[in-house]
DNA sequence: TCTCCACAGGAAATTGGGGGTT
DNA sequence: AACCCCCAATTTCCTGTGGAGA
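Residue numbers (the working numbering): 1 to 423.
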């Protein structure tokens with residue numbers, strides 16, 4: 001947006017007081033900081049790239065590439081790395097007469113079973129718009145084999161976020177063996193799975209591990225030093241020279257490294273810091289901007305998560321909120337459940353059994369809304385969880401109030417909380 | 001050391017809803 | 001209309017467990 005607005009003939013530049021005319025120059029090329037910007041080099045991942053290359057190499061020799069699994073948390077460069085190598089391989093294949101390569105790259109996002117993933121792959125390969133359905137699983141697999149048979153001789157299927165299928169992994173067993181089992185005659189098929197979940201591997205069934213596991217590569221989280229060099233490379237292009245104070249990049253790196261070691265997160269933080277400086281008309285990006293950016297991003301993350309809660313999750317959360325206002329947190333599961341029952345009663349919702357509410361509470365804990373600690377008070381209380389609110393009470397009430405299914409209860413809670421000076 | 005509380009949490013069965021064919 | 005497939009959420013039933021106090 002700002003990059004080519006430097007024409008001297010631009011009439012808007014002379015408009016004094018136009019709110020869109022920023023008076024300070026922060027960004028040189030903002031697009032470098034966007035989510036979809038792909039770096040052309042990954043110096044921090046040379047070793048991993050090399051391993052990927054070795055695994056793909058057999059494809060260049062006319063047989064199937066090794067099956068491959070990439071592990072690592074989000075923002076560790078897994079997707080970028082595989083894209084990079086696949087592109088190189090594709091380029092190479094284009095130059096060779098005797099290597100015909102088909103690469104299908106997709107994300108298993110939201111496909112929670114083998115059946116759905118299979119349907120999804122069929123859709124991707126066909127390029128159609130809707131997934132086949134209504135048939136049994138084996139027919140679905142057969143349909144996929146039909147599609148694959150139409151492809152080139154060497155087929156590589158890249159499946160991002162493959163962990164969403166959990167332990168429902170039959171497709172992963174079938175696919176690499178399709179040729180051996182006679183479902184496919186002319187193709188070499190290999191599968192590259194990318195997983196954000198490090199435990200995914202342990203939950204795979206033994207036969208999948210057996211048939212699919214040629215090699216795996218783990219992407220360890222970046223440390224602060226690596227994040228710093230990643231950020232520096234980006235910042236060189238993204239920012240006007242000299243606008244970043246010296247401690248900005250190290251601080252962004254440190255924050256991100258403390259958390260998940262995610263490059264994505266570090267870059268977001270840097271970007272946001274720049275935007276804040278810009279909005280304040282500050283000429284330099286400094287440490288306080290970074291801290292402000294971190295708070296904003298953190299709050300946004302929580303808000304987004306909270307808005308996407310299911311009704312039952314909201315009930316459970318509301319129960320804990322209510323207990324917090326009564327100043328009875330941390331509360332054990334039974335207390336929360338009592339509160340839950342009364343709330344559901346008032347709202348005329350579906351009342352679930354305690355076992356299930358426990359699961360909801362756990363999941364709220366995992367998402368960072370609740371703090372769940374285990375405790376054991378022996379013969380007096382046995383071992384149990386204690387839940388308390390981890391997020392800001394006022395913000396939580398604000399967000400919950402947006403939902404008109406539950407706002408009557410929220411309003412009451414707000415008035416109680418106000419009376420007690422809690423918000 | 002042994003007990004026993006009050007849960008935690010695994011596993012299997014059930015429910016209900018979406019999509020389909022015949 | 002009658003029936004089939006798949007699946008997430010839930011219920012039902014159950015065994016497992018860490019430590020305070022006898």
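Even glycine gets a Cβ: it sits at the ideal position worked out from N, Cα and C. Treat the numbers as computed from the prediction; the structure is a model and nothing was measured.
Under a Cβ-count criterion, where at least 16 other Cβ atoms within 10 Å of its own Cβ denotes burial, should residue i be classed as buried or exposed?
i           : result
residue 61  : exposed
residue 405 : exposed
residue 366 : exposed
residue 409 : buried
residue 353 : exposed
residue 63  : exposed
residue 360 : buried
residue 67  : buried
residue 96  : exposed
residue 196 : buried
residue 339 : buried
residue 378 : exposed
residue 380 : exposed
residue 316 : buried
residue 417 : buried
residue 330 : buried
residue 265 : buried
residue 280 : exposed
residue 419 : exposed
In the DSSP assignment, find the alpha helix (DSSP H) that holds residue i and state where it starts and stops.
i           : result
residue 64  : First-last for residue 64: undefined, no H or E at that position.
residue 203 : 200-203
residue 82  : 78-95
residue 242 : From DSSP, residue 242 is part of no alpha helix (DSSP H); its letter is neither H nor E.
residue 419 : 407-419
residue 360 : 354-366
residue 183 : Counting along the chain, residue 183 falls outside any alpha helix (DSSP H), and DSSP gives it neither H nor E.
residue 423 : It is not in any alpha helix (DSSP H) - residue 423 carries neither H nor E in the DSSP assignment.
residue 139 : 137-149
residue 336 : 333-347
residue 315 : 311-325
residue 126 : 114-126
residue 47  : 46-56
residue 25  : Segment: none, residue 25 is in no alpha helix (DSSP H) and carries neither H nor E.
residue 176 : 170-177
Within the same chain, show all residues whose beta-carbon is closer than 7 Å to that of residue i, passing over the 5 residues directly before and after it, in chain order.
i           : result
residue 422 : 325, 393
residue 311 : 349, 405
residue 147 : 122, 125, 126
residue 341 : 351
residue 337 : 354, 357
residue 31  : 37
Looking only at its own chain, which residues have a Cβ that is under 6 Å from the Cβ of residue i, when we skip the five neighbours before and after it?
i           : result
residue 306 : 399
residue 277 : 26, 285, 289
residue 293 : 269, 272, 273, 276
residue 15  : Any reading at residue 15 must be qualified, since the residue scores a pLDDT of 48, below 50, and its modelled position is unreliable; no value is offered.
residue 373 : 386
residue 383 : 376
residue 181 : none
residue 332 : 384, 386
Measure the CB-CB distance between residue i and residue j and report whether it falls below 8 Å.
i           : j           : result
residue 157 : residue 208 : no
residue 391 : residue 296 : no
residue 165 : residue 199 : no
residue 78  : residue 267 : no
residue 89  : residue 55  : no
residue 424 : residue 273 : This structure cannot speak to residue 424, because the chain is shown only from 1 to 423.
residue 238 : residue 28  : yes
residue 204 : residue 153 : no
residue 178 : residue 145 : yes
residue 138 : residue 115 : no
residue 33  : residue 81  : no
residue 186 : residue 314 : no
residue 211 : residue 176 : yes
residue 251 : residue 287 : yes
residue 224 : residue 253 : yes
Apart from the five residues on each side of it in sequence, which residues of its chain come closer than 8 Å, Cβ to Cβ, to residue i?
i           : result
residue 335 : 323, 328
residue 135 : 143
residue 262 : 73, 74, 75, 76, 221, 222, 256
residue 321 : 389, 393, 396, 397, 400, 413
residue 229 : 43, 44
residue 415 : none
First and last residue of the beta strand (DSSP E) that includes residue i?
i           : result
residue 192 : 188-195
residue 160 : 154-160
residue 103 : 101-107
residue 216 : 215-218
Practice item. Pick out the complete beta strand (DSSP E) segments inside the segment 375-404, 3 residues or longer, and give them in chain order. Key: 383-389
Check your understanding: Which residue spans inside the segment 206-294 form an unbroken alpha helix (DSSP H) run of at least 4?
Key -> 206-212, 224-238, 248-259, 263-279
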